[in-house]
Amino acid sequence: MHIKWILIGFFASVAHANLPYFPLDFPRDEAAHYQNIPYSFEHMIEWWYFNGKLVTDEGRNLSFDVALFNAAIEVKGRVYTQPMLHMQLADLDKKIGYGVAKDYLLNEGKFATDKLNIILKNDYSLQKKVQQGKEVYLLKAEGRQNNTVLKFNLTLEPQASFFLINENGLMPMADNTNSYYYSIPHFKTTGTLKLNDKTYQVNQSPGDAWMDHQWGDFNLDSNGWEWFGVRQNNGIVANIFLIFNYNDNNVIGGLANVILPSGEKRFISYQDMEVVREDYWLDPALSILYPTTYKINIPSIGLSFTNIAAFPEQEQHGYWEGYCEVSGSYNQQEVTGFSYTEIVYHNPTLSVLSGIESKLRSENSGFKFGPMR
Numbered sequence: 001m002h003i004k005w006i007l008i009g010f011f012a013s014v015a016h017a018n019l020p021y022f023p024l025d026f027p028r029d030e031a032a033h034y035q036n037i038p039y040s041f042e043h044m045i046e047w048w049y050f051n052g053k054l055v056t057d058e059g060r061n062l063s064f065d066v067a068l069f070n071a072a073i074e075v076k077g078r079v080y081t082q083p084m085l086h087m088q089l090a091d092l093d094k095k096i097g098y099g100v101a102k103d104y105l106l107n108e109g110k111f112a113t114d115k116l117n118i119i120l121k122n123d124y125s126l127q128k129k130v131q132q133g134k135e136v137y138l139l140k141a142e143g144r145q146n147n148t149v150l151k152f153n154l155t156l157e158p159q160a161s162f163f164l165i166n167e168n169g170l171m172p173m174a175d176n177t178n179s180y181y182y183s184i185p186h187f188k189t190t191g192t193l194k195l196n197d198k199t200y201q202v203n204q205s206p207g208d209a210w211m212d213h214q215w216g217d218f219n220l221d222s223n224g225w226e227w228f229g230v231r232q233n234n235g236i237v238a239n240i241f242l243i244f245n246y247n248d249n250n251v252i253g254g255l256a257n258v259i260l261p262s263g264e265k266r267f268i269s270y271q272d273m274e275v276v277r278e279d280y281w282l283d284p285a286l287s288i289l290y291p292t293t294y295k296i297n298i299p300s301i302g303l304s305f306t307n308i309a310a311f312p313e314q315e316q317h318g319y320w321e322g323y324c325e326v327s328g329s330y331n332q333q334e335v336t337g338f339s340y341t342e343i344v345y346h347n348p349t350l351s352v353l354s355g356i357e358s359k360l361r362s363e364n365s366g367f368k369f370g371p372m373r
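Heads up, the sequence shown is in UniProt numbering, so the first residue is 1 and it goes up one at a time.
Right, here's the structure in full:
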């Protein structure tokens with residue numbers, strides 16, 4: 001689940017219709033969905049997203065995420081697209097984050113619709129190819145913002161198959177809209193990355209990367225969310241999210257999509273899991289509270305874990321996105337691991353934060369609360 005606010009204005013006056021279900025068909029559905037699809041749309045939002053932990057040959061621990069967004073809208077039979085690129089890199093040893101974001105003009109990117117092949121000027125490309133008999137994803141992304149320069153040149157070899165969210169790859173969103181969604185939760189990653197004037201070689205063995213591909217006709221202005229891409233040392237993979245309605249600040253949906261150590265897949269409603277927020281960080285620039293410690297309990301599968309931000313200051317693009325450490329238990333056996341977590345809130349007075357309101361007040365933080373609902 002991933003977002004940037006400029007897309008809201010692009011869709012602000014568009015009506016919504018529920019997308020029909022068509023079984024996902026690869027490699028076609030790895031490609032873009034603004035044309036050559038068996039269903040009509042008035043608007044479409046789509047993104048290809050990678051995150052992960054990387055270890056350089058020098059032993060430096062880094063985390064990263066690269067997200068390419070593409071908004072499409074049909075007007076009088078003509079489709080217009082608008083891409084946008086977000087990149088983040090975090091030094092986990094020094095606890096410093098870096099980010100670059102870039103917006104593009106209408107129809108500035110080249111998006112194939114039969115296979116995964118995306119080119120965005122000289123800034124970004126994503127292709128799937130066969131190298132030495134193995135399918136790999138070739139990701140290149142670079143950009144500059146203020147005093148930060150980021151450049152990624154990565155080869156990602158999948159170590160897991162497509163994980164269809166909500167079992168069939170289509171999930172309901174708010175306002176009678178839908179989203180197609182799948183993940184690939186494990187990649188071996190090699191290549192190079194550049195931070196400012198320093199280039200690093202990536203060592204594939206200790207690291208792990210994740211890919212999300214999501215598209216649909218949903219309205220980004222109506223909802224916020226918390227999302228967790230979890231990898232545990234016992235083989236558990238979990239894609240967990242909660243969706244919030246900004247009108248009344250209530251949780252209106254969510255799902256835990258879990259692959260167990262046996263390989264069994266389980267899909268568990270948000271109503272059958274417990275998410276508790278135990279600590280926070282107040283973003284001084286946005287005046288938004290972001291939880292930094294979560295306890296997540298899913299009794300039906302015997303899974304309980306704590307999700308703690310490696311460091312709080314991982315907000316780069318108007319939402320919190322970053323590397324977290326995971327510890328807990330599965331069927332009473334200890335587990336460890338890590339996650340990438342995304343927190344998208346418009347409003348710092350969301351009722352889900354009420355548990356830490358008293359803590360902030362007692363600390364006299366100076367934070368100005370609106371009415372809790």
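The beta carbon of each residue, even a glycine, is placed where N, CA and C say it ideally should be.
By DSSP's criteria, GLU157 is part of a beta bridge. Which residues make up the other side?
LYS188
If we require 4 or more residues per run, which alpha helix (DSSP H) segments fall completely within the segment 191-273?
none
Taking the CB atoms as reference points, tell me whether ILE301 and TYR345 lie closer together than 7 Å.
no
At the level of alpha carbons, what is the spacing between TYR181 and LYS194?
Cα to Cα, the separation comes out at about 30 Å.
So, for ASP279: in the same chain, excluding its five sequence neighbours on each side, which residues have a beta-carbon less than 6 Å away from its beta-carbon?
THR292 and THR293
Please tell me whether ILE298 and ILE268 are closer than 7 Å, where the distance is taken between their beta carbons.
It is a contact, given that the beta carbons lie within the stated cut-off.
Using the Cα positions of residue 375 and ARG277, report the straight-line distance between them to the nearest angstrom.
Because the chain is modelled from 1 through 373, residue 375 falls outside the range shown and cannot be assessed.
Rounded to whole angstroms, how far is the Cβ of PHE111 from the Cβ of GLU157, which I believe are closer than 8 Å?
About 24 Å; that fails the 8 Å criterion.
Is the Cβ-Cβ distance between LEU19 and ASN166 less than 7 Å?
no
How would you call SER329, buried or exposed, if buried means at least 16 neighbouring beta carbons within 10 angstroms?
exposed
Helix or strand or just coil, what does DSSP make of LEU19?
coil
What do you get for SER53, buried or exposed, if any count of 16 or more other CB atoms within 10 angstroms of its CB means buried?
In the sequence on display, residue 53 carries Lys and not Ser. LYS53 comes out buried.
Given this structure, state the Cα-to-Cα distance separating GLU226 from TYR34, to the nearest angstrom.
When rounded, the distance between both Cα atoms is 27 Å.
Going along the chain, which unbroken runs of the alpha helix (DSSP H) with 4 or more residues stay wholly within the segment 268-351?
none
Going by CA-CA distance only, name the one from PRO83, LEU303, ASP57 and LEU150 that's closest to GLU334.
LEU303
Mapping DSSP to helix, strand and coil, what is ARG28?
helix
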